[in-house]
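To keep things clear, I will list the structure first and then write my remarks on it.
Number of protein chains: 2
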Amino acid sequence: MAKRITLSVDAMGGDDAPDMVIEGVHLSCVRHPDVHFLLFGDQARLEPILAKYPRLADCSEIIHTTDVVTGDDKPSQALRQRKDSSMFRAVGAVKDGQADGVVSAGNTGALMAMALLALRALPGISRPAIVTTLPNTVGETVMLDLGANAECSARHLVEFAVMGEVYARTLHGIQRPTVGLLNIGTEELKGTGTLRDAAAILREAKLEMDFHGFVEGDDIAKGTVDVVVTDGFTGNVALKAIEGTAKLVYSFISNGFRASLLAKLGYLIARGSIKRVVMRTDPRRYNGALFVGLNGIAVKSHGGTDALGFANAIGVAVDMVDRRLNEQIGAELANVDLSSLRSSEAESGA
Amino acid sequence: MAKRITLSVDAMGGDDAPDMVIEGVHLSCVRHPDVHFLLFGDQARLEPILAKYPRLADCSEIIHTTDVVTGDDKPSQALRQRKDSSMFRAVGAVKDGQADGVVSAGNTGALMAMALLALRALPGISRPAIVTTLPNTVGETVMLDLGANAECSARHLVEFAVMGEVYARTLHGIQRPTVGLLNIGTEELKGTGTLRDAAAILREAKLEMDFHGFVEGDDIAKGTVDVVVTDGFTGNVALKAIEGTAKLVYSFISNGFRASLLAKLGYLIARGSIKRVVMRTDPRRYNGALFVGLNGIAVKSHGGTDALGFANAIGVAVDMVDRRLNEQIGAELANVDLSSLRSSEAESGA
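First to last, the sequence lines map onto chains A and B. When the letters of the first sequence are read in order and numbered with the working numbering, they come out as residues 32 to 381. When the letters of the second sequence are read in order and numbered with the working numbering, they come out as residues 32 to 381.
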């Protein structure tokens with residue numbers, strides 16, 4: 032079959048790489064028969080693993096690299112010293128037009144730095160952002176930025192809102208997403224001047240979203256809006272606080288089930304339903320922190336994920352290519368008027 | 032019995048006030064026989080409730096007020112227009128030396144504004160903060176600021192760290208608390224300049240704490256440190272994200288138990304243990320967001336709490352008075368050297 036899409040894969044990135052990565056690509060070959068995979072990594076290590084999955088011969092090729100970015104590498108170090116790493120070369124394949132997108136479960140900071148250097152930002156975007164999807168009471172919440180930009184101006188927040196809206200529209204199929212700015216109260220006068228400036232612009236813009244105004248931390252889990260927009264500092268802290276709390280509550284419940292013989296018996300009887308609940312919040316389903324706003328597609332899978340999680344990250348990359356996310360962001364940006372910003376800020380990141 | 036401590040109580044604040052408040056004071060009379068309560072509120076409404084609790088005659092008196100701060104009042108409005116409200120008068124009793132501390136379940140913003148105006152900040156503290164205690168895997172985490180100060184300088188963060196340390200030491204009995212600054216990475220170079228400046232001062236200061244450096248969002252639930260310090264914007268978002276996530280996970284689990292007959296049966300069998308788990312994270316146990324850094328004691332109980340939660344908030348106020356929290360904060364502040372800050376900032380909030 033002629034392959035419609037080519038993805039480059041950092042085969043050496045992730046706690047259980049390369050085995051986990053190759054198994055994930057194998058799952059993806061079944062799910063996405065029209066995708067060709069460029070597997071960047073150590074040929075001598077990859078070949079015996081590939082031999083276990085004969086189907087991979089049809090949909091992938093190995094491109095040998097001699098180095099690996101480690102979890103301890105600082106982004107700046109990795110950029111300078113790891114030019115023949117599987118990650119650097121996999122990102123480079125997108126830059127050179129050999130691949131439509133890249134997927135890696137390696138060092139997040141290094142991947143972001145390499146993707147920024149190689150792909151640059153989309154025209155009109157001053158700061159690419161990290162976005163993910165979280166479960167809520169009624170469905171899913173798209174949240175960004177999750178740590179690419181610790182300090183953000185109103186302009187950056189407006190760009191994040193546009194990118195989040197396009198993401199929810201094209202990847203989640205929500206026709207006119209509701210979008211909220213994360214704040215410490217919902218009244219118009221709450222929070223920082225930056226937030227109020229961003230809200231004023233979004234209220235006036237003619238975008239394919241319902242701008243909901245401000246939302247608070249508990250609105251993320253409630254699902255008050257489809258898209259929650261925040262600076263990378265707050266978003267990163269909130270995301271990790273959410274992950275930590277979910278783990279804590281599950282550990283309390285799990286301790287509860289072990290606390291007595293009766294509890295153990297009750298668990299045995301109810302476990303089918305309980306397991307379905309836990310699966311609904313399975314981090315593998317929400318795997319793939321995406322970089323949006325790059326002039327190319329780059330998906331970061333959790334470092335500790337398994338083959339199923341990695342295949343889901345690949346699935347997100349395929350969707351982003353298929354649904355032309357970047358072109359749609361460009362089109363939607365044209366509907367935003369930034370002229371109300373102080374001229375210094377409007378220019379600052381452009 | 033001669034009463035050792037006097038607390039003023041806003042009897043009209045809270046969703047189920049005044050009944051809930053009076054019942055909470057009644058519980059407290061039993062727990063703290065050496066405390067006298069000044070109950071500020073509408074005499075005609077309070078008297079019939081007090082009649083239900085004969086014990087209250089010994090430990091409390093009603094002080095009639097004609098107005099009530101509502102949940103919708105803006106803090107500035109409440110300050111100007113509600114001078115004979117139960118809240119304003121209860122705070123005033125601390126200012127006038129009639130009471131050692133005040134407890135209210137009313138409008139948080141209004142209480143903070145009134146307490147700041149009436150009590151002012153402790154000498155040496157430029158910004159009072161809101162602090163609370165959260166459950167973690169190994170015990171409890173003290174976290175501040177939770178929203179009193181949306182934008183914070185390094186100096187403010189250092190003050191919060193000192194107040195949090197003294198809080199954990201005097202109220203939780205931890206001899207030498209570990210303290211961490213909330214950031215988006217644990218490396219020394221991560222985050223904003225403000226955070227790095229604050230970390231540098233705390234590393235050098237001779238305080239009764241082990242300064243742990245930076246912590247991340249998931250460290251709150253893990254219990255990596257005893258005290259998590261952050262600006263009021265991030266802290267407020269993180270606290271609400273945590274509360275929202277805990278509710279979400281419990282609702283998922285509860286749906287799981289209702290999903291089938293087998294699951295319902297399992298729940299019936301295991302419910303004793305499950306309920307004990309849920310109680311461990313019962314918000315009533317963690318009731319009482321405290322204002323620290325005021326020249327007086329002010330405790331805010333959750334507006335939606337019940338009598339037990341209100342009694343716990345009173346218990347915290349009693350502890351703060353008993354253990355001389357404010358004097359200890361003053362003493363510990365003397366061990367901090369702020370001279371490394373740019374002089375403009377060192378002066379900014381003083």
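Yeah, the Cβ is synthetic: ideal placement off N, Cα and C, and Gly gets one too. All figures in this text were calculated on a predicted structure; none of them were measured in a lab.
Distance between Gly275 (chain B) and Gly380 (chain B) (C-alpha atoms, nearest Å): Confidence at Gly380 (chain B) is low in this model, with a pLDDT of 42, below 50, so the placement of that residue is unreliable and no value is reported for it.
Closer than 9 angstroms at the beta carbon, the chain B residues around Glu171 (chain A): Simply none; closest approach about 12 angstroms.
Under 8 angstroms from the C-beta of Phe245 (chain B): neighbouring residues of chain A: Those within 8 angstroms of Phe245 (chain B) in chain A number zero; the least Cβ separation is about 11 angstroms.
Cross-chain neighbours of Gly18 (chain A) in chain B, by beta carbon under 8 angstroms: Any answer about residue 18 (chain A) is impossible in this case: the structure gives chain A only from 32 up to 381.
Simplified DSSP assignment, three categories, for Asp41 (chain A): strand
Local Cβ density within 10 Å of Thr96 (chain A), reported as buried at 16 or more and exposed below that: buried
Contacts that Glu182 (chain B) makes with chain A (C-beta to C-beta distance below 8 angstroms): Thr223
Contact under 8 angstroms by Cβ, Met118 (chain A) with Val100 (chain A): yes
Val308 (chain B) and Phe283 (chain A) closer than 8 angstroms at C-beta: Here Val308 (chain B) is near Phe283 (chain A), since their CB atoms are less than 8 angstroms apart.
Within 7 angstroms of chain A by C-beta, residues of the region 80-108 of chain B in sequence order: none
Collapsed DSSP secondary structure at His63 (chain A) in the structure displayed: coil
Where the region 283-294 of chain B meets chain A: residues whose CB sits under 7 angstroms from a CB there: Residues of the region 283-294 of chain B whose Cβ lies closer than 7 angstroms to any Cβ of chain A, in chain order: Phe283, Ile284, Asn286, Gly287, Phe288, Ala290, Ser291, Leu293 and Ala294.
Alpha-carbon spacing of Arg227 (chain A) relative to Pro159 (chain A), whole angstroms: 21 angstroms
Paired residues, beta bridge with Val173 (chain B) - DSSP: B:Thr164 and B:Val258
Inter-residue Cα distance where the pair is Ile205 (chain B) and Arg234 (chain A): Distance between the alpha carbons of Ile205 (chain B) and Arg234 (chain A): 49 angstroms.
Cα-Cα separation, Tyr281 (chain A) to Thr164 (chain B): 20 angstroms
Cβ-based neighbour list, Ile328 (chain A), same chain, cut-off 6 angstroms, excluding 5 preceding and 5 following: Gly132, Ala348, Met351 and Val352
Beta-carbon proximity of Gly326 (chain A) to Leu150 (chain A), cut-off 8 angstroms: According to the sequence as given, residue 326 (chain A) is Asn; it is not Gly. Against a cut-off of 8 angstroms, the Cβ pair of Leu150 (chain A) and Asn326 (chain A) comes out as a contact.
Cβ distance (whole Å) where Asp250 (chain A) is taken to contact Thr209 (chain A) below 8 angstroms: Incorrect: roughly 11 angstroms between the Cβ atoms, too far for contact.
Best match in B:Leu238, B:Ala277 and B:Asp262 for proximity to Lys253 (chain A) [C-alpha to C-alpha]: B:Ala277
Cβ of Gly335 (chain A) within 8 angstroms of any chain B Cβ: Chain B, which has no Cβ nearer than 8 angstroms to the Cβ of Gly335 (chain A), makes this no.
Neighbour flag for Gly303 (chain B) against chain A, beta carbons, 8 angstroms: yes
The ligand FMN heavy atom lying under 7 angstroms from the CB of Arg158 (chain B): As far as ligands go, the structure on display features none, and thus does not contain the ligand FMN.
DSSP-derived helix/strand/coil call for Thr96 (chain A): coil
Straight-line Cα distance separating Asp46 (chain A) from Leu77 (chain A): 16 angstroms
Contact residues within the region 141-175 of chain B, judged by C-beta distance below 8 angstroms to chain A: From the region 141-175 of chain B, only Pro166, Asn167 and Thr168 have a Cβ closer than 8 angstroms to chain A.
Leu372 (chain A) (DSSP reduced to helix, strand or coil): coil
Interface partners of Tyr281 (chain A) on chain B, CB under 8 angstroms: Val280
Residues that Leu212 (chain B) contacts on chain A, provided the C-beta gap is smaller than 8 angstroms: Proximity of chain A to Leu212 (chain B) at the Cβ level (cut-off 8 angstroms) is not reached, the minimal Cβ distance being about 11 angstroms.
Ser135 (chain A), enclosing beta strand (DSSP E) - first and last residue: Gly132 to Ser135
Arg307 (chain B) at chain A interface by Cβ criterion, 8 angstroms: yes
Neighbour flag for Ile300 (chain A) against chain B, beta carbons, 8 angstroms: Closer than 8 angstroms to some Cβ of chain B, the Cβ of Ile300 (chain A) qualifies, so yes.
Same chain only: Cβ atoms within 7 angstroms of Asn180 (chain A), ignoring 5 sequence neighbours per side: Arg158, Ala160, His187, Asp262 and Gly263
Residues bridged to Val246 (chain B) (per DSSP): B:Leu213, per the DSSP bridge assignment.
8 angstroms Cβ shell around Gln74 (chain A) - same chain, five flanking residues per side excluded: Ile93 and His95
Where Gly222 (chain B) sits in the DSSP three-state scheme: In this structure, DSSP gives Gly222 (chain B) a state outside helix and strand, which the three-state scheme calls coil.
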